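Engineer:
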Amino acid sequence: MINHEGRIKAAFASGVFVLKLCGDVRLTLCATLDRQAQQLAETPGLETLIIDLRDTTNVDSTALGFLAKVAMAVQGRVSEAPTIIADNPDVQRMLDVMGFSRIFTLVESPITETRDLRDLPEIPTDVEETRQRVLEAHRILMRLNEHNREEFQPLVEMLEAQQAASHGP
569 MINHEGRIKA AFASGVFVLK LCGDVRLTLC ATLDRQAQQL AETPGLETLI IDLRDTTNVD
629 STALGFLAKV AMAVQGRVSE APTIIADNPD VQRMLDVMGF SRIFTLVESP ITETRDLRDL
689 PEIPTDVEET RQRVLEAHRI LMRLNEHNRE EFQPLVEMLE AQQAASHGP
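To convert a position in the sequence shown, counted from 1, into the numbering used here, add 568.
#1: Pull up the DSSP beta-bridge partners for G583, would you.
#2: So, with DSSP's three-state summary, where would you put G633?
#3: Taking all protein chains shown into account, decide if M569 is buried (16 or more other Cβ within 10 angstroms of its Cβ) or exposed.
#4: Which term fits N571, buried or exposed, when burial requires 16 or more other beta carbons within 10 angstroms of its beta carbon?
#5: Contact between the stretch 635-649 and the stretch 659-675: three or more CB pairs below 8 Å?
#6: Hey, is the stretch 580-600 in contact with the stretch 609-623, meaning 3+ C-beta pairs nearer than 8 Å?
#7: I'd like the list of long-range same chain contacts for V724, defined as Cβ closer than 8 Å, with 5 residues on each side in sequence excluded.
#8: E573: which of A579, D684, L595, E719 sits nearest, CA to CA?
#9: For the beta strand (DSSP E) containing L709, name the first residue and the last one.
#10: So if DSSP puts D623 in a beta bridge, which residue, or which two residues, is it bridged to?
#11: Does the separation of the CB atoms of L688 and T600 fall below 7 Å?
#12: Would you kindly report the start and end of the unbroken beta strand (DSSP E) that includes V675?
#13: Could you pull out every residue in the same chain whose Cβ sits closer than 8 Å to the Cβ of R686, ignoring the five residues on either side in sequence?
#14: Quick one: grab the DSSP three-state call for A654.
#15: In this structure, does DSSP put T616 in helix, strand or coil?
#16: I need the DSSP call for A578, collapsed to helix, strand or coil.
#17: Exposed or buried, which one is V659 when buried takes at least 16 other CB atoms within 10 Å?
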């Protein structure tokens, strides 16, 4: 039986950081991606960031927003745009539509294979933290292109309204 549940693996060696997403990557893994973005922004000796999506069956829009956040976290710290490896035509099309070519180099195969990947622990979050992350992810995606702005505006407005209602006057 194949496990389709989402996992995130990572490896860092010789200035190259590899983040490999496996299975069905959804908002439940966004706290993990968010922590990774924060850590990458502070990683000494970071030269290259590679995100490997070859074993990904699905990436929801919240997770995509946090992948964009990871890329933004290393802007100015790495000499080249981060690389996304995606060989699934559906995933490639989604990255294209979402405007990821503005912040990533998109390739179909890696220059070298990484072997020393370790599983990152999933960071638990409560409902409010998850709502904050969903909102943040979609705001990031909306900044990438007009398609995303139109696509996610209703969701962002709904989440902002829920946030306002839950915090009261």
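Even glycine gets a Cβ: it sits at the ideal position worked out from N, Cα and C. As the structure is a computational prediction, the values presented were derived from the model and not from experiment.
Structural biologist: In short:
#1: In the DSSP output, where bridge partners are listed per residue, G583 has none listed.
#2: helix
#3: Because M569 sits at a pLDDT of 39, beneath the cut-off of 50, its placement in the model cannot be relied upon, and the point is left open.
#4: With a pLDDT of 47 at N571, under the threshold of 50, the modelled position of this residue cannot be trusted; read the value that follows with caution. Label assigned to N571: exposed.
#5: yes
#6: yes
#7: L703, H706, R707, M710
#8: L595
#9: Run containing L709: none in the beta strand (DSSP E); it sits in the alpha helix (DSSP H), 695-712.
#10: C590
#11: yes
#12: 673-675
#13: K577, A578, A579
#14: coil
#15: strand
#16: strand
#17: buried
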